[in-house]
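**Student:** Counting in this note's numbering, the sequence shown runs from 9 upward without gaps.
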Amino acid sequence: MTSPFVLAVPSKGRLQENAENFFARAGLNLTKPGGARDYRGTIPGLDNVEVAYLSASEIAANLARGTVHFGITGEDLIRESIVDADKRVALIEGLGFGRADVVVAVPQAWIDVRTMADLDDVTTGFRAQHNRRMRVATKYINLTRNFFAAHGVVDYRIVESAGATEGAPAVGSAELIVDITTTGATLAANGLRVLDDGVMLKSQANLVASREADWNDDTRETARVILDHIASRARASKYKEVRTRFAGCNDALLTEAHSRFGVVSPFGGPTSSGMLTLHCPPAQLYGLSSFLRQHGADTVSVVSLDYVMDRENPLFAKLEAFLRV
9 MTSPFVLAVP
19 SKGRLQENAE
29 NFFARAGLNL
39 TKPGGARDYR
49 GTIPGLDNVE
59 VAYLSASEIA
69 ANLARGTVHF
79 GITGEDLIRE
89 SIVDADKRVA
99 LIEGLGFGRA
109 DVVVAVPQAW
119 IDVRTMADLD
129 DVTTGFRAQH
139 NRRMRVATKY
149 INLTRNFFAA
159 HGVVDYRIVE
169 SAGATEGAPA
179 VGSAELIVDI
189 TTTGATLAAN
199 GLRVLDDGVM
209 LKSQANLVAS
219 READWNDDTR
229 ETARVILDHI
239 ASRARASKYK
249 EVRTRFAGCN
259 DALLTEAHSR
269 FGVVSPFGGP
279 TSSGMLTLHC
289 PPAQLYGLSS
299 FLRQHGADTV
309 SVVSLDYVMD
319 RENPLFAKLE
329 AFLRV
């Protein structure tokens, strides 16, 4: 019996909702035959796909072990929890949700500490004065060590945070923090601010592939189908389709339209009857339609695109290149 292709998605909250919506927009509906509380699902039409509903941290761990082929999780968890992440997993596509920054934040009262270089000076002075290292509260131990080392900061020690990290300086359990933030409002409410060069990672939810998974011919083909859906939807979202017909259209006119409005001609130039189909970025639609009418088009119609399937799929090519290395 052929082993299933395992797709891991978040098991609760906004991340689950956003992940399911992302796949639904690509024409891949995740369903739970066993009911809403089931932690296993399917994709109708792809019989060998098993959807596993896991926490974001469990997804990262399973990607590292190779027990799932694709998973949706934050880049922060990938970078924090997987040693040599770039060799063991591939970030196939950023999904545009679950955005947050991993940052170094210090008390607002530290008016002379604006950069990591300033922090280096302060930590050195702190150790000389207090005979102990400055404490950094965080859940991101590996990211913190790597970032601080890159900036030459050595006089500190990590206090692993199990609760609300941003409250650590106020209760005296740490002098500064490394934490994740979306707007910075919670940091400000706790009297903290981000260093000018203290953004360690701009994270978002990613579609991630595992090198250690079982990549046989069947699972590779399933990955191709899934990535075809995703890539064709992404391509369609970047353009509207513009249709017109007029005798005066020629190669020079098309070249000018490509240059001025960023359009592409997916089916070549106009047909013998003068029919022309263009794909145009939405922000350029009015400019393009005015240009075409000025040069002889009586009518220009615009339609939305659901999917645009090209011969080459950059997402699958990225996966194949990763698996070959």
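C-beta: ideal position from N, C-alpha, C; glycine also.
Enumerated in chain order, which unbroken segments of the beta strand (DSSP E) with a length of 3 residues or greater are wholly contained in the stretch 215-275?
**Tutor:** Those beta strand (DSSP E) runs which fall completely within the stretch 215-275 and span 3+ residues are 248-253.
**Student:** With distance defined between alpha-carbon atoms, name the residue in Phe-324, Leu-54, Asn-56 nearest to Leu-215.
**Tutor:** By one-based count along the sequence shown, residue 215 stands at place 207. Cα-wise, what sits closest to Leu-215 is Phe-324.
**Student:** Please report the straight-line C-alpha distance between Ala-182 and Arg-201, rounded to a whole angstrom.
**Tutor:** Looking up residue 182 in the sequence shown gives position 174. Looking up residue 201 in the sequence shown gives position 193. Straight-line Cα distance between these residues: approximately 15 Å.
**Student:** Distance check for Tyr-148 and Ala-329, CA to CA, integer angstroms please.
**Tutor:** As a first step, residue 329 must be located in the sequence shown, where it is residue number 321. As a first step, residue 148 must be located in the sequence shown, where it is residue number 140. C-alpha separation (whole angstroms): 30 Å.
**Student:** Is Gly-160 near Asp-128, with beta carbons less than 7 Å apart?
**Tutor:** In the sequence shown, counting from the first residue as 1, residue 160 sits at position 152. In the sequence shown, counting from the first residue as 1, residue 128 sits at position 120. In contact: Gly-160 and Asp-128 (Cβ atoms closer than 7 Å).
**Student:** Which residue's Cα is closest to the Cα of Arg-243: Asp-259, Pro-289, Ala-69?
**Tutor:** On the sequence shown, residue 243 is found 235 positions in, with the first residue counted as 1. Looking at the Cα atoms, Pro-289 is the closest of the given residues.
**Student:** Checking 7 Å against the spacing of the C-beta atoms, do Ala-113 and Leu-209 come in under that value?
**Tutor:** Locating residue 113 in the sequence shown gives position 105, counting from the first residue. Locating residue 209 in the sequence shown gives position 201, counting from the first residue. Their beta carbons are not under 7 Å apart, which means Ala-113 does not touch Leu-209 by this criterion.
**Student:** Following the continuous beta strand (DSSP E) through Arg-22, name the residue where it begins and the one where it ends.
**Tutor:** If you number the sequence shown from 1, residue 22 lands on position 14. Segment 21-33 is the alpha helix (DSSP H) holding Arg-22; no beta strand (DSSP E) there.
**Student:** In the DSSP assignment, the alpha helix (DSSP H) including Pro-177 goes from what residue to what residue?
**Tutor:** As a position in the sequence shown, residue 177 is number 169, starting the count at 1. Note, Pro-177: alpha helix (DSSP H), 176-179.
**Student:** Relative to the alpha-carbon of Arg-140, which residue among Ser-11, Asp-163, Met-124 has its alpha-carbon at the smallest distance?
**Tutor:** Start at 1 with the first residue of the sequence shown, and residue 140 comes out as number 132. Taking only the C-alpha atoms, the option nearest Arg-140 is Asp-163.
**Student:** Give the secondary structure of Asp-92 by DSSP, where H, G and I count as helix, E and B as strand, and everything else as coil.
**Tutor:** Within the sequence shown, the letter at position 84 stands for residue 92. If DSSP states are grouped into helix, strand and coil, Asp-92 belongs with coil.
**Student:** Give me the Cα-Cα distance between Leu-38 and Gln-24, rounded to the nearest whole angstrom.
**Tutor:** Mapped onto the sequence shown, residue 38 falls at position 30. Mapped onto the sequence shown, residue 24 falls at position 16. Those two C-alpha atoms are separated by around 11 Å.
**Student:** One question on the structure: do Glu-220 and Gly-53 come within less than 7 Å of each other, judged by their Cβ atoms?
**Tutor:** The residue given as residue 220 occupies position 212 in the sequence shown. The residue given as residue 53 occupies position 45 in the sequence shown. Not in contact: Glu-220 and Gly-53 (Cβ atoms no closer than 7 Å).
**Student:** Please confirm if the stretch 83-93 is in contact with the stretch 170-187, defined as three or more CB-CB distances below 8 Å between the two stretches.
**Tutor:** No contact exists between the stretch 83-93 and the stretch 170-187.
**Student:** Taking the alpha-carbon positions, what's the Phe-275 to Arg-96 distance?
**Tutor:** For the purposes of this step, residue 275 is identified with residue 267 of the sequence shown, where counting begins at 1. For the purposes of this step, residue 96 is identified with residue 88 of the sequence shown, where counting begins at 1. Near 40 Å, if we compare the C-alpha coordinates of Arg-96 and Phe-275.
**Student:** Could you give the distance in angstroms between the alpha-carbon of Phe-30 and the alpha-carbon of Asp-120?
**Tutor:** In the sequence shown, residue 30 corresponds to position 22, counting from 1. In the sequence shown, residue 120 corresponds to position 112, counting from 1. C-alpha separation (whole angstroms): 44 Å.
**Student:** In the DSSP assignment, find the beta strand (DSSP E) that holds Ala-125 and state where it starts and stops.
**Tutor:** Mapped onto the sequence shown, residue 125 falls at position 117. Premise fails: Ala-125 lies in the alpha helix (DSSP H), 124-138, not in any beta strand (DSSP E).
**Student:** Closest by CA to Thr-286, which one among Val-17, Val-272, Thr-279?
**Tutor:** Translated into positions along the sequence shown, residue 286 becomes position 278. Per the sequence shown, the amino acid found at residue 286 is Leu instead of Thr. With distances taken between Cα atoms, Leu-286 lies closest to Val-272.
**Student:** DSSP has Val-111 in a bridge; who is on the other side?
**Tutor:** Sequence index remark: in the sequence shown, residue 111 carries index 103 (1-based). Looking at the DSSP assignment, Val-111 forms a beta bridge with Asp-187, Val-207.
**Student:** What do you get for Thr-10, buried or exposed, if any count of 16 or more other CB atoms within 10 angstroms of its CB means buried?
**Tutor:** As a working mapping, residue 10 is identified with position 2 in the sequence shown. Flag for Thr-10 reads exposed.
**Student:** Which ranges does the alpha helix (DSSP H) cover as unbroken runs of at least 4 residues, wholly within the stretch 29-74, from first to last along the chain?
**Tutor:** Runs found: 64-73.
**Student:** Taking the alpha helix (DSSP H) that Arg-153 belongs to, which residues open and close that run?
**Tutor:** Against the sequence shown, residue 153 aligns to sequence position 145. First-last of the alpha helix (DSSP H) with Arg-153: 149-158.
**Student:** Of the choices Ala-213, Val-207, Val-179, Gly-175, whose alpha-carbon is the least far from that of Ala-197?
**Tutor:** Your numbering for residue 197 matches position 189 in the sequence shown. It is Gly-175 whose Cα lies nearest to the Cα of Ala-197.
**Student:** Taking Phe-299 as the reference, give the member of Leu-262, Asp-126, Ala-213, Asn-154 with the closest Cα.
**Tutor:** In the sequence shown, the residue the question calls residue 299 occupies position 291. Answer by Cα proximity: Leu-262.
**Student:** Quick one: grab the DSSP three-state call for Leu-327.
**Tutor:** Here residue 327 corresponds to residue number 319 of the sequence shown, with the count starting at 1. DSSP places Leu-327 in helix when its eight states are reduced to three.
**Student:** Taking only the alpha-carbon atoms, compute the straight-line gap between Asp-55 and Trp-223 and give it to the nearest angstrom.
**Tutor:** Taking the first residue of the sequence shown as 1, we reach residue 55 at position 47. Taking the first residue of the sequence shown as 1, we reach residue 223 at position 215. Approximately 17 Å between the Cα atoms of the pair.
**Student:** CB-CB under 8 Å to Val-311, same chain, minus the five flanking residues each way: which ones, in chain order?
**Tutor:** Counting from one through the sequence shown, the residue named residue 311 turns up at place 303. Cβ within range, chain order: Lys-248, Glu-249, Arg-251.
**Student:** Once DSSP output is grouped into helix, strand and coil, what is the label at Arg-165?
**Tutor:** On the sequence shown, position 157 is the one that residue 165 refers to. Three-state DSSP puts Arg-165 in a strand.
**Student:** Taking the alpha-carbon positions, what's the Arg-22 to Ala-64 distance?
**Tutor:** Numbered from 1 along the sequence shown, position 14 holds the residue referred to as residue 22. Numbered from 1 along the sequence shown, position 56 holds the residue referred to as residue 64. Roughly 12 Å separates the two Cα atoms.
**Student:** So what does DSSP say about Ala-182, is it helix, strand or coil?
**Tutor:** Residue mapping note: residue 182 aligns to position 174 of the sequence shown, counting from 1. If DSSP states are grouped into helix, strand and coil, Ala-182 belongs with coil.
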